[in-house]
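Colleague: Numbering (our numbering), first residue to last: 7 to 206. Here a beta-carbon is modelled for each residue, glycine too, at the ideal position from N, C-alpha and C. Next up is a structure, given as structure tokens.
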């Protein structure tokens with residue numbers, strides 16, 4: 007399952023503990039994504055804990071290239087569903103007064119052909135459809151309001167059901183339940199014992 011296939015994700019997690027940073031990085035890379043360290047045309051997404059974590063130069067890059075900025079919940083949501091989710095509920099506001107700078111008036115990229123193919127595919131997967139009100143959208147007083155239908159996804163892998171923390175039918179565990187913390191394996195090699203034939 008390559009949720010972030012061909013996506014370049016910049017992780018800006020200053021206020022997070024090291025272990026969680028490492029976990030998020032492995033979530034992205036193990037699911038087909040690449041970790042980016044610079045906001046440029048190739049960067050598909052910026053994941054941050056808070057807008058205050060972004061430096062002024064990163065914020066300028068985000069505005070210049072039109073790169074979406076989302077919270078950490080977006081990564082976990084995509085992994086839970088197994089696909090790229092729309093950015094609507096996860097996008098962080100990059101135009102807030104606290105985050106404004108001298109480049110606030112810079113226009114977004116002029117054409118979609120400037121972005122690499124992976125970025126275009128990423129945007130196509132996460133952006134809601136544009137145009138007249140379609141299925142899943144209703145028109146209300148001149149503006150289009152998107153209607154989101156929540157569907158419960160039950161994931162079954164090779165005959166085993168995978169439960170999440172918010173499942174309503176989560177099985178109860180006994181009081182003395184323990185999780186194995188270590189697995190120790192021993193490498194066994196078979197040596198062929200050859201007997202030397204000698205005359206005695």
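Three-state secondary structure (DSSP) at residue 166?
Modeller: Along the chain shown, read from residue 1 onward, the residue named residue 166 stands at position 160. Residue state, collapsed to three classes: strand.
Colleague: Taking the alpha-carbon of residue 9 as reference, which of 167, 87 and 196 has the nearest alpha-carbon?
Modeller: Counting from 1 along the chain shown, the entry for residue 9 is found at position 3. Per the Cα distances, 87.
Colleague: Should residue 16 and residue 42 be called a contact, given that it needs their Cβ atoms to be closer than 9 Å?
Modeller: Position 10 of the chain shown, counting from 1, holds the residue named residue 16. Position 36 of the chain shown, counting from 1, holds the residue named residue 42. Yes. Within cutoff.
Colleague: Of the residues 34, 67 and 52, which one's Cα is nearest the Cα of residue 75?
Modeller: Locating residue 75 in the chain shown gives position 69, counting from the first residue. Of 34, 67 and 52, the residue nearest in Cα terms is 52.
Colleague: For the putative contact between residue 13 and residue 39, defined by C-beta atoms under 8 Å, what is the C-beta separation to the nearest angstrom?
Modeller: Position 7 of the chain shown, counted from the first residue, corresponds to residue 13. Position 33 of the chain shown, counted from the first residue, corresponds to residue 39. At roughly 5 Å, the Cβ-Cβ gap stays under 8 Å, so residue 13 and residue 39 are in contact.
Colleague: If we call anything under 9 Å between Cβ atoms a contact, is residue 33 one with residue 85?
Modeller: Residue mapping note: residue 33 aligns to position 27 of the chain shown, counting from 1. Residue mapping note: residue 85 aligns to position 79 of the chain shown, counting from 1. It is a contact, given that the beta carbons lie within the stated cut-off.
Colleague: Would you decide whether residue 73 is buried or exposed? Buried here means 16 or more other CB atoms lie within 10 Å of its CB.
Modeller: Taking the chain shown and counting its residues from 1, one reaches residue 73 at position 67. With 16 or more Cβ atoms within 10 Å of its Cβ, residue 73 is classed as buried.
Colleague: Thinking just about the alpha-carbon of each residue, which of 68, 46 and 35 is nearest to the one in residue 81?
Modeller: The count along the chain shown starts at 1 and reaches residue 81 at position 75. The residue with the shortest Cα to Cα distance from residue 81 is 35.
Colleague: Under the assumption that residue 77 contacts residue 98 (Cβ atoms under 8 Å), give the Cβ distance between them as a whole number of angstroms.
Modeller: Translated into positions along the chain shown, residue 77 becomes position 71. Translated into positions along the chain shown, residue 98 becomes position 92. Correct: roughly 6 Å between the Cβ atoms.
Colleague: Suppose you measure from the CA of residue 187 to the CA of residue 31; what does that come to, to the nearest Å?
Modeller: For the purposes of this step, residue 187 is taken as the residue at position 181 of the chain shown. For the purposes of this step, residue 31 is taken as the residue at position 25 of the chain shown. Cα-Cα distance, rounded: 22 Å.
Colleague: Counting along the chain, where does the beta strand (DSSP E) carrying residue 42 start and finish?
Modeller: Position 36 of the chain shown holds residue 42. First-last of the beta strand (DSSP E) with residue 42: 40–42.
Colleague: Report yes if the C-beta of residue 197 is less than 8 Å from at least one heavy atom of the ligand HEM; otherwise report no.
Modeller: The ligand HEM is absent from the structure shown, which contains no ligand whatsoever.
Colleague: What is the rounded straight-line gap between the Cα of residue 67 and the Cα of residue 192?
Modeller: Translated into positions along the chain shown, residue 67 becomes position 61. Translated into positions along the chain shown, residue 192 becomes position 186. Roughly 51 Å between the two C-alpha positions.
Colleague: First and last residue of the beta strand (DSSP E) that includes residue 18?
Modeller: Here the question's residue 18 lines up with position 12 in the chain shown. In the DSSP assignment, residue 18 falls within the beta strand (DSSP E) that extends over 14–18.
Colleague: Which first and last residues belong to the alpha helix (DSSP H) in which residue 68 is found?
Modeller: What you label residue 68 is simply residue 62 of the chain shown in a count that begins at 1. Note, residue 68: alpha helix (DSSP H), 62–71.
Colleague: Is residue 87 helix, strand or coil by DSSP?
Modeller: The count along the chain shown starts at 1 and reaches residue 87 at position 81. Residue state, collapsed to three classes: helix.
Colleague: Compare the beta carbon distance of residue 60 and residue 18 with 9 Å and say whether it is the shorter of the two.
Modeller: Counting from one through the chain shown, the residue named residue 60 turns up at place 54. Counting from one through the chain shown, the residue named residue 18 turns up at place 12. Residue 18 is positioned such that its CB atom lies closer than 9 Å to that of residue 60.
Colleague: With DSSP run on the structure shown, which of helix, strand or coil describes residue 195?
Modeller: In the chain shown, counting from the first residue as 1, residue 195 sits at position 189. Coil, per DSSP.
Colleague: Helix, strand or coil: how does DSSP classify residue 30 here?
Modeller: What you label residue 30 is simply residue 24 of the chain shown in a count that begins at 1. Correct three-state label for residue 30: helix.
Colleague: Please identify the residue among 91, 64 and 28 whose C-alpha is closest to the C-alpha of residue 100.
Modeller: Indexing the chain shown from 1 puts residue 100 at position 94. With distances taken between Cα atoms, residue 100 lies closest to 64.
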